[in-house]
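> Protein sequence lines, in the order shown, are assigned to chains A and B. Reminder that position 332 of the first sequence reads as 345 in the working numbering, one-by-one numbering, no gaps. Reminder that position 279 of the second sequence reads as 277 in the working numbering, one-by-one numbering, no gaps. Think of the CB as a built atom: it goes at the ideal place given N, C-alpha and C, for glycine as much as any other residue. My questions will all concern the structure given below.
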Amino acid sequence: MVAYVIRRFLLLPLILFGISLIVFGMIQSLGSDRLLAAYVNPGLLDKLTPNQLEKIKEKYGLKDPMVVRYVKWLKNTLSGDLGWSVVGKEPVKDAILNRLPWTVELALYSIIPVVFVGVWLGIIAAVNRDKFVDHFVRIFAVVGWSFPDFVFGLLVLMIFYSVLGWFPPGNLSFWADTVVKSPEFRRFTSLVTLDALLNGRFDVFVDALLHLIAPILTLSWLWWAYLLRITRSSMLEVLTKEYIRTARAKGLAENVVINKHARKNAMIPVITVGGGMVIQLFAGTVIVEMVFNRTGMGSFTATAATQLDYASIMASTLFYSLILVIGNLVIDILYAAVDPRIRFS
Amino acid sequence: MRTETKRMIKRLMRNPSAVLGFSLLIFFTIIAIIAPIICPPQSYDPYMIPIATWDKTPQPPTAEHPFGVIDGRDIFYGVIWGTRTAFKVGLIVTLTSTVIGLLIGSVAGYFGGWLDEILMRITDIFLSIPYILAAIVVTAFLGMGLNKVMISLITFGWMATARLIRGNILQVREEQYVLAARALGVSDYLVILKHVLPNTIFPVIIQATMRIGSLVITAAALSFLGLGAPVGYADWGSLLNFARNWLLGASGEAFKYWYAIVYPGTAMVLFVLAWNLVGDALRDVFDPRLRG
């Protein structure tokens, strides 16, 4: 187990180094003139004399050899100097820190319905194999998996906003936004739903929640299909095992066999897949935040990409990759902890 | 025809979802082929949806425009020619990235050692950037457009195939017939091509089929974000992008713009569904162990 974890940790810097090379390579492919935009507020760019421009190029080392530039860039990045965001009209670091809580909130809350409904459907399908419920759930899985998130999101938007008017797009209603930005509203966690509760503003909490339901539904939809398939096949496999037959043979009630003996073992592959899924949920916010017009890391990245705001694009890439790499590491270690067969092989 | 092939086809035809998948696929293929007959192109580039009206407000279906009009463009034309776009993107990206994955995976798996280590760590690194994000970023850097989308999807789309084929080759490499071929002095290149690949290729084909659907979704998502096909290009994702802007400003106006979502959306869901069903069916027939 220890050796396994150590090996994984040794690989971590290597992978981070590789990612930084890819990102740096992409920046360099732009050429030094377009790169200036990543360091200077473009509004100022036109007012500067060529001489000043040269100085700025010198300051940020745009004329140095590649290796020197890489080291400098890495140093800047590690110290949090990520450049100027055109989209956010503020330094990239601040832009990300301001938007991150919204995305974290969305992704975290989505985990709950995804995991519970997905696993539940999978187990129901497996236990009722080849019966009507099973067929129904499997059709749901295939159709759900084929439904692009933005198409589903648009349908949700049309039905629950345009027709019913229940779940509005955006992050908060105008009045709630004013409350949150007022000095009396103290930010404890920067997650707005939690802060609202801690401030005793139940109305703000409800408003934030109403804005979250539609995007959460959209994010969950796709992963229900995925998770239920994994759970179903894993459960089916476990149900053929000898110890299940033994449990049944000694006369245990069926629900005890399912809940105590089968389900726990069937969860092992679900943990790995489920962990990867949580990471993918973060990436999925790119589309969902755009559909529902939410402010967050996802919509920030997408807008930065369409407006060619390179500094923001690079920072977002690094950020999402970091989540992915660290997330995968945690999952692998968890997996090895749960399943002894992994760590000894 | 060999009896084995016959039996496979028979088994495929007994599976209702497989039949549905293949029928849908045939339907879309026909649509793509006869697109110029259904909707005769009106300019030098048939993929550009002709402008029906200069009024940008969406207009509900009429006899002349059976799926309605959005952004002044005929949705029906966009959906029909969008089928060609979907096939083009799905097939080109899948084929190219699968071939790249095959090359990298088989070299890594067959030769092993430090070459394997290096190639697999590169694979890890490419896997460390979320797919949709990598696609967005590379497209933004290359300068947008459908071709750029395809390049970025290929650049970050080969890793799963590489891993799969490497794993399979590691198993096959120790089989008697490969050892025998090598002992007889057959060149590495020939061993890979004649003995190893034919015995490992089926899972790759199944995986590639199952990937086409999600690739088409990702490409359309990029168009939806405004990074893919140019404005007015016959592409399901761009049609839906128009719809989004109108929906966000339309509270309480009921199903006013339903046609702008339902028609291109249905086309996309059915297209992706077709590939997923076919992929599932192929997996069930060729590799029952993977059945889920």
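1) Determine the direct distance from the alpha carbon of residue 182 (chain B) to that of residue 127 (chain B), and round the result to whole angstroms.
2) Could you tell me which residues DSSP puts in a beta bridge with residue 103 (chain A)?
3) Where does residue 256 (chain A) land, buried or exposed, given buried means 16+ other C-beta within 10 angstroms?
4) So what does residue 79 (chain A) bridge to, in DSSP terms?
5) I'd like the list of long-range same chain contacts for residue 217 (chain B), defined as Cβ closer than 6 Å, with 5 residues on each side in sequence excluded.
6) Could you work out which residues of chain A lie near residue 236 (chain B), taking near to mean beta carbons separated by less than 7 Å?
7) Scan the region 192 to 210 of chain B for residues whose Cβ lies nearer than 9 Å to a Cβ of chain A and list them as they occur along the chain.
8) Which word fits residue 288 (chain B), buried or exposed, when buried means at least 16 other C-beta atoms lie within 10 angstroms of its C-beta?
9) What are the residues that DSSP puts in a beta bridge with residue 46 (chain B)?
10) Counting C-beta neighbours from all protein chains within 10 Å, is the total for residue 40 (chain B) 16 or more, i.e. buried, or is it exposed?
11) Is residue 270 (chain B) close to chain A? Criterion is C-beta to C-beta, closer than 8 Å.
12) Interface residues of chain A around residue 118 (chain B) at Cβ under 9 Å?
13) DSSP on residue 258 (chain A), reduced to helix/strand/coil?
14) Residue 290 (chain B) CB to nearest chain A CB: under 8 Å?
15) Closer than 9 Å, Cβ to Cβ, to anything on chain B: give me those residues from the region 24 to 43 of chain A, in chain order.
16) Within this structure, are the beta carbons of residue 308 (chain A) and residue 115 (chain A) separated by less than 8 Å?
17) Note down, one range per segment and in chain order, each alpha helix (DSSP H) of at least 4 residues found wholly within the region 195 to 281 of chain A.
18) Is DSSP giving residue 351 (chain A) helix, strand or coil here?
19) Does the region 223 to 232 of chain A come close enough to the region 164 to 173 of chain A that 3 or more CB-CB pairs lie under 8 Å?
20) Run through DSSP, which three-state label would residue 291 (chain B) get?
21) Taking the alpha-carbon positions, what's the residue 211 (chain A) to residue 192 (chain A) distance?
22) Taking only beta carbons into account, state which residues of the region 296 to 327 of chain A come closer than 7 Å to chain B, listed in chain order.
23) Going along the chain, which residues of the region 127 to 160 of chain A sit with their C-beta nearer than 7 Å to a C-beta in chain B?
24) Got a sec: which bits of the region 198 to 218 of chain A sit with their beta carbon under 8 Å from any beta carbon on chain B, in order along the chain?
25) Tell me, please, whether the CB atom of residue 244 (chain A) is closer than 8 Å to any CB atom in chain B?
26) Can you name, in chain order, every residue of its own chain whose Cβ lies under 7 Å from the Cβ of residue 270 (chain B), other than the five neighbours on each side?
27) Would you list, in chain order, the members of the region 61 to 79 of chain A that have their beta-carbon closer than 8 Å to a beta-carbon of chain B?
28) Does the beta carbon of residue 246 (chain B) fall short of 7 Å from some heavy atom of the ligand FMN?
29) Is it true that the region 173 to 188 of chain A meets the region 210 to 225 of chain A, where meeting means three or more beta-carbon pairs spaced less than 8 Å apart?
30) Counting contacts by CB-CB distance shorter than 8 Å, is residue 58 (chain B) in contact with chain A?
31) Pick helix, strand or coil for residue 307 (chain A), following the three-state DSSP scheme.
32) Terminal residues of the continuous alpha helix (DSSP H) containing residue 196 (chain B)?
33) Relative to the C-alpha of residue 243 (chain B), which residue among A:261, A:288 and A:303 is closest?
34) On the CB-based measure, 16 or more other CB atoms within 10 Å of its CB, does residue 269 (chain A) come out buried or exposed?
35) Starting from the beta carbon of residue 99 (chain A), find every residue of chain B whose beta carbon is closer than 8 Å, and list them in chain order.
36) Pop quiz: residue 12 (chain B) and residue 283 (chain B) are said to be a contact at Cβ under 8 Å. What is the actual Cβ separation, rounded to whole angstroms?
Result, derived from the coordinates:
1) CA-CA distance, residue 127 (chain B) to residue 182 (chain B), rounds to 44 Å.
2) Answer is A:98.
3) Residue burial is scored here from C-beta neighbours: residue 256 (chain A) has fewer than 16 other C-beta atoms within 10 angstroms and is therefore classed as exposed.
4) Beta-bridge pairing links residue 79 (chain A) to no other residue.
5) Cβ contact annotation for residue 217 (chain B) (same chain, cutoff 6 Å, sequence separation greater than five): 87 and 147, in chain order.
6) For residue 236 (chain B), no chain A residue has a Cβ inside 7 Å of its Cβ, as the nearest lies near 12 Å away.
7) Answer in chain order: no residues at all.
8) With a pLDDT of only 49 at residue 288 (chain B), under the threshold of 50, the placement of this residue in the model should not be trusted, and no figure is reported.
9) Beta-bridge analysis with DSSP links residue 46 (chain B) to B:231.
10) Exposed, since its Cβ has fewer than 16 Cβ neighbours within 10 Å.
11) Chain A contact via Cβ: present.
12) Here the premise fails: no neighbours, minimum Cβ distance about 10 Å.
13) Shown here, residue 258 (chain A) sits in a helix according to DSSP, grouped into three states.
14) Low confidence applies here, because residue 290 (chain B) scores a pLDDT of 43, under 50, leaving its location unreliable; read the following figure in that light. Cβ-Cβ to chain A under 8 Å: yes for residue 290 (chain B).
15) Flagged, chain order: 24, 27, 28, 29, 30, 31, 32, 34, 35, 36, 39, 40, 42 and 43.
16) Cβ atoms of residue 308 (chain A) and residue 115 (chain A): closer than 8 Å.
17) Secondary structure in the region 195 to 281 of chain A: the alpha helix (DSSP H) runs of 4 residues or longer, each lying completely within the stretch, are 205 to 211, 215 to 252 and 255 to 262 in chain order.
18) In the structure shown, residue 351 (chain A) sits in a helix (DSSP, three-state: H, G or I).
19) Touching, yes.
20) An answer regarding residue 291 (chain B) cannot be provided, because it is not within the stretch -1 to 290 covered by chain B.
21) Between residue 211 (chain A) and residue 192 (chain A), the C-alpha separation is close to 14 Å.
22) So the close ones are 296, 299, 300, 303, 304, 306, 314, 315, 318, 319, 321 and 326.
23) Taking 7 Å as the Cβ-Cβ cut-off against chain B, the residues of the region 127 to 160 of chain A that qualify are 155, 156, 158, 159 and 160.
24) Listed by position along the chain: nothing, the set is empty.
25) By the rule that beta-carbons nearer than 8 Å mark a contact, residue 244 (chain A) does not touch chain B.
26) For residue 270 (chain B), the CB contacts under 7 Å within the same chain, skipping 5 residues up- and downstream, are 211, 214 and 215 in chain order.
27) So nothing in the stretch comes that close.
28) Within the structure as shown, the ligand FMN is missing, as the structure has no ligands at all.
29) Yes: the two stretches touch, three or more of their Cβ pairs being nearer than 8 Å.
30) Closer than 8 Å to the CB of residue 58 (chain B) there is not a single CB belonging to chain A.
31) The three-state secondary structure of residue 307 (chain A), taken from DSSP, is coil.
32) Note, residue 196 (chain B): alpha helix (DSSP H), 195 to 222.
33) Out of A:261, A:288 and A:303, A:303 has the C-alpha closest to the C-alpha of residue 243 (chain B).
34) Residue 269 (chain A) sits exposed, since fewer than 16 C-beta atoms from the chains shown fall within 10 Å of its C-beta.
35) Annotation: residue 99 (chain A) has no Cβ neighbours in chain B at a cutoff of 8 Å; minimum Cβ distance is about 13 Å.
36) Incorrect: roughly 10 Å between the Cβ atoms, too far for contact.
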